[in-house]
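Visitor: The sequence shown lines up with residues -1 to 220 when you count with this note's numbering.
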Amino acid sequence: MSELLPVVTLISGGGSNLQAIIDASKTGGVPIDIRAVISNVSGAHGLERAQQAGIPTEVVEHTGFSSREDFDLALQTAIDTYQPKLIILAGFMRLLSDEFVNHYRGRMLNIHPSLLPDFKGLNTHQRALEAHRTGILKEHGASVHFVTPDLDGGPVILQASVPVKNDDSAESLAARVLICEHQIYPLVIRWFAEGRVSLEDNQVIFDGQALKRALSFDDLAL
Ligand code: GRF
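1. What residue from D78, G89, P115 has the CA that sits closest to H101's CA?
2. Return the first residue and the last residue of the alpha helix (DSSP H) that A51 is part of.
3. Taking only runs of the beta strand (DSSP E) that begin and end inside the stretch 89 to 176, which ones reach a length of at least 3 residues, in chain order?
4. Is I85 near the ligand GRF, in the sense that its beta carbon is under 7 Å from a heavy atom of that ligand?
5. Starting from A42, follow the beta strand (DSSP E) in both directions and report where the run begins and ends.
6. Going by DSSP in three states, Q207 sits in which element: helix, strand or coil?
7. Taking all protein chains shown into account, decide if N38 is buried (16 or more other Cβ within 10 angstroms of its Cβ) or exposed.
8. Looking only at C-alpha atoms, which of G11, G12, S196, V28 sits nearest to P4?
9. Measuring only the C-alpha atoms, how far is K118 from G151?
10. Would you grab the beta carbon distance between V175 and I155 for me? Rounded to a whole angstrom, and I think it's under 8 Å.
11. Between the Cα of R66 and those of S40, K83, D96, spot the shortest distance and give me the residue it belongs to.
12. Answer with buried or exposed for I53, where buried requires no fewer than 16 other C-beta atoms within 10 angstroms of its C-beta.
13. Among T25, S141, D166, E192, which residue has its Cα nearest to the Cα of L87?
14. Use the C-beta contact count for Q157: other C-beta atoms within 10 angstroms, 16 or more gives buried, fewer gives exposed.
15. Since T75 is in the alpha helix (DSSP H), which residue starts that stretch and which ends it?
16. Let me know if P184 comes out buried or exposed under the rule of 16 or more other beta-carbons within 10 Å of its beta-carbon.
17. For the ligand GRF, is there a heavy atom less than 7 Å away from the beta-carbon of I9?
18. Out of H180, D165, P153, A172, which one is the CA nearest neighbour of L213?
19. At a cut-off of 7 Å, is E169 close to the ligand GRF when judged by its beta-carbon and the heavy atoms of the ligand?
20. Between G11 and H43, how many whole angstroms is the CB-CB distance? I'm expecting something under 8 Å.
21. In three-state terms, what does DSSP make of P4?
22. Among the residues of its own chain, which have a CB less than 7 Å from the CB of V35, if the five just before and after it don't count?
23. Span of the alpha helix (DSSP H) holding L229?
Written out as structure tokens, the structure reads:
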């Protein structure tokens, strides 16, 4: 068997993306070794998911630090103990300092519940619904991107879109997007672990070519 890429995953909540990644790693499709799951929230359900999968967990609570920099440094120290080659943000709901982000440049991924650059930040589903009601938006979705100091603005690797329906609520739309998230995140992690995707000078390289625009899950012949 080829070598598994050591990764650390950061979460703050339910961890359904984490679960999709765990499942994908267990079935062999995604060649990673999840060395630890670290949360900034002590009761995060994702921690239980990790424990059930036999993955070490840690909690580094941001409330215990007086500054963002101090928290980020403690988090970085905790992460680096595991010597990961990839950091996976999976519903990690904290702003990160430029120093932290730059420390992991080119080896930190995030999933964002919108078709970036649309709807950076929070409440993406509600904002997408409002845009749909004014007639300016037909599709919503999710994006996997490299993390850079530009918040939710790092180069996008892969997106998946879903239709927005007239009778959608933010919850029904979120559920539809989440199904896509569980498909595209393990896939990009697999590509990264296989050396097929990288970041060079703020540019995504995929299979040796600079991506002119994000890949679309719908266009992939899988
Ligand atoms: C996902 O929608 C993710 O895109 C966003 O936060 C949510 C986390 O969900 N950043 P889960 O914890 O993976 O279930």
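Positions of the beta carbon are idealized from the N, C-alpha and C atoms, including for glycine. Just so you know, these numbers come straight off a predicted model, no measurement behind them.
Guide: In brief:
1. D78
2. From DSSP, A51 is part of no alpha helix (DSSP H); its letter is neither H nor E.
3. 106 to 110, 137 to 144, 154 to 161
4. no
5. Per DSSP, A42 belongs to no beta strand (DSSP E) and is neither H nor E.
6. strand
7. buried
8. V28
9. 8 Å
10. No, V175 and I155 are not in contact; Cβ-Cβ is about 17 Å, not under 8 Å.
11. D96
12. buried
13. S141
14. buried
15. 66 to 78
16. buried
17. yes
18. P153
19. no
20. 7 Å
21. strand
22. T7, I9, L16, G44, L45, A48, I53, T55
23. Residue 229 is absent from the structure shown; the chain starts at -1 and stops at 220.
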